[in-house]
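Just so you know, the sequences run in chain order A and B. Numbered according to this note's numbering, the first sequence spans residues 1 to 184. Numbered according to this note's numbering, the second sequence spans residues 185 to 299. Glycine is no exception: its CB is placed at the ideal position from the N, C-alpha and C atoms. Following: one structure in structure tokens, then a few remarks.
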Amino acid sequence: MATITLTISALPAHVRTARLMAATVARRAGIAATAIDEIRLAVGEACSRAVAAHKLHCPTQPILLQLIDGAGAESTAKADGGTPGRVLRANGNATQRFEVVVSDRAPAKDTEESTNHTSPLLDGLFLDGDETPPGGISGFSPGLGLAVITGLADEVRIDPSDQGTIVRMSWPVAAERAHDPSSN
Amino acid sequence: MDLKLDHYTEGDTEVVVVEGEIDVYTAPRLRELLIDLVNKGNFHLVVNMEKVEFLDSTGLGVLVGGLKRVRAHNGTLALVCTQERILKIFRITGLTKVFGIHDSVQEAIDKRPEK
């Protein structure tokens, strides 16, 4: 399991850097070409959300981005509190995954977002002009960003806490890259 | 690629041409342009996104903000986009029901609701 860790300041310009790095690492990890755009967008959304939260609460604190090639099984199982092991899919094959973890340090209880995606997407989600909170990013809508992440990532887990929010997203690595000898 | 913005008049419609990436870093520039156009009395806008390479939720927020502004003056804001990867984010967020999305600028102008 190879991990690349990137720390960025809470600046909008650095979101692009994070996005480009995620796409590059995903491509090297063997992610299907069709999913690269999804990863680029989802990572951008997660980092934009974190940057917006930091700008409001802790602008000097860094945001952590982890790109984990071949995570899948182990980290997903641990996150669920279960026993580490490979993820078994419906066809019985074990699947390696490319996981992206974005961790911020802004207290989740004070942010305006909600992890409840069942509410209507168009209901008050859009911040623009006068509706942007002091220190916030014009046009940015945390709820919409999380909705986009949920729509794009193959698996998503969002853990908000007083110490910050951790967004975990993962995608399957292409079959030929994740070849498992035990399945022969 | 960074964001490039241009605009021109087509009858009673102002066409905004966007090229490059609309994200949390560049979206404020698009927002300022839309606000400026509305403040100058342009209430029928068409945003041509054919050369947009990347769009995130910040960009969507700016477009919805522009829509709200023109609607306050009984105006319209239509989009031109045929790129599947850009259209996908509109579908995920349900915004295909909010914006008129067209294949060409001419179609966007011809199919304006009150015409």
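Residue i to residue j span [Cα, whole Å]
i	j	result
Thr210 (chain B)	Val222 (chain B)	19 Å
Gly284 (chain B)	Val15 (chain A)	29 Å
Glu188 (chain B)	Ala256 (chain B)	The identity of residue 188 (chain B) in the sequence shown is Lys, whereas the question assumes Glu. Straight-line Cα distance between these residues: approximately 27 Å.
Ala197 (chain B)	Arg215 (chain B)	Ala is not the amino acid found at residue 197 (chain B); the sequence shown has Thr there. Cα to Cα, Thr197 (chain B) sits roughly 18 Å from Arg215 (chain B).
Ala42 (chain A)	Pro59 (chain A)	22 Å
Ile149 (chain A)	Ala23 (chain A)	15 Å
Asp123 (chain A)	Leu144 (chain A)	Residue placement at Asp123 (chain A) is poorly supported in this model, since its pLDDT is 39, which falls under 50; the coordinates are not used for a value here.
Ile219 (chain B)	Val101 (chain A)	36 Å
Thr118 (chain A)	Arg157 (chain A)	With a pLDDT of 37 at Thr118 (chain A), under the threshold of 50, the modelled position of that residue is not reliable, and no figure is offered here.
Ala13 (chain A)	Gly44 (chain A)	11 Å
Val254 (chain B)	Ile8 (chain A)	37 Å
Lys281 (chain B)	Asp37 (chain A)	23 Å
Val51 (chain A)	Ser241 (chain B)	14 Å
Leu279 (chain B)	Ala29 (chain A)	32 Å
Arg97 (chain A)	Val173 (chain A)	5 Å
Ala33 (chain A)	Leu56 (chain A)	36 Å
Asp104 (chain A)	Gln290 (chain B)	45 Å
Leu20 (chain A)	Asp287 (chain B)	29 Å
Asn232 (chain B)	Thr266 (chain B)	10 Å
Val167 (chain A)	Glu99 (chain A)	10 Å
Lys272 (chain B)	Ala106 (chain A)	30 Å
Asn226 (chain B)	Val246 (chain B)	17 Å
Ile4 (chain A)	Ile63 (chain A)	14 Å
Gln163 (chain A)	Thr260 (chain B)	44 Å
Gly195 (chain B)	Ala292 (chain B)	13 Å
Gly151 (chain A)	Gly70 (chain A)	22 Å
Lys224 (chain B)	Ala35 (chain A)	42 Å
Glu155 (chain A)	Ile31 (chain A)	14 Å
Met169 (chain A)	Lys252 (chain B)	33 Å
Glu268 (chain B)	Gln61 (chain A)	37 Å
Of the listed residues the options, nearest to residue i (C-alpha basis)
i	options	result
Glu294 (chain B)	B:Leu239, B:Val200, B:Val201, B:Val230	According to the sequence displayed, residue 294 (chain B) carries Asp and not Glu. It is B:Val230.
Asp186 (chain B)	B:His286, B:Pro212, B:Val199	B:Pro212
Ile270 (chain B)	B:Val200, B:Asp207, B:Leu218	B:Asp207
Thr165 (chain A)	A:Ile4, A:Ala174, A:Ala53	A:Ala53
Ile68 (chain A)	A:Met1, A:Met21, A:His57	A:Met1
Asn258 (chain B)	B:Pro297, B:Val199, B:Gly243, B:Gly245	B:Pro297
Thr193 (chain B)	B:Glu203, B:Thr242, B:His228, B:Lys235	B:His228
Val248 (chain B)	B:Glu237, B:Glu234, B:Leu263	B:Leu263
His191 (chain B)	B:Gln267, B:Leu217, B:Glu205	B:Leu217
Glu234 (chain B)	B:Ile276, B:Thr277, B:Gly204	B:Gly204
Phe238 (chain B)	B:Gly225, B:Phe274, B:Asn226	B:Phe274
Asp159 (chain A)	A:Ala46, A:Gly70, A:Thr3	A:Ala46
Leu244 (chain B)	B:Ala292, B:Lys224, B:Thr277	B:Thr277
CB-CB length for residue i against residue j, believed under 8 Å
i	j	result
Ala153 (chain A)	Trp171 (chain A)	7 Å
Ala108 (chain A)	Ser161 (chain A)	6 Å
Ile39 (chain A)	Ala26 (chain A)	5 Å
Leu6 (chain A)	Leu65 (chain A)	4 Å
Val202 (chain B)	Val236 (chain B)	5 Å
Please name the residues in the stretch 14-25 of chain A whose beta-carbon is closer than 7 Å to at least one beta-carbon of chain B, in chain order.
Val15, Arg16
For the stretch 31-63 of chain A, list every residue whose C-beta sits within 7 Å of some C-beta in chain B, in sequence order.
Asp37, Leu41, Gly44, Glu45, Ser48, Val51
What residues in the stretch 191-213 of chain B have a beta carbon less than 9 Å from any beta carbon of chain A?
Glu205, Asp207, Val208, Tyr209, Thr210, Ala211, Pro212
Mind checking the stretch 269-285 of chain B against chain A and listing, in chain order, the residues whose C-beta falls within less than 9 Å of any C-beta there?
Arg269, Lys272, Ile273, Arg275, Ile276, Thr277, Gly278, Leu279, Lys281, Val282
Residues within the stretch 229-243 of chain B neighbouring chain A, beta-carbon criterion of under 9 Å
Phe238, Leu239, Asp240, Ser241, Thr242, Gly243
Near-chain B residues of the stretch 141-172 of chain A (beta-carbon distance less than 8 Å), N- to C-terminal order:
Ser141, Leu144, Gly145, Ala147, Val148, Gly151, Leu152
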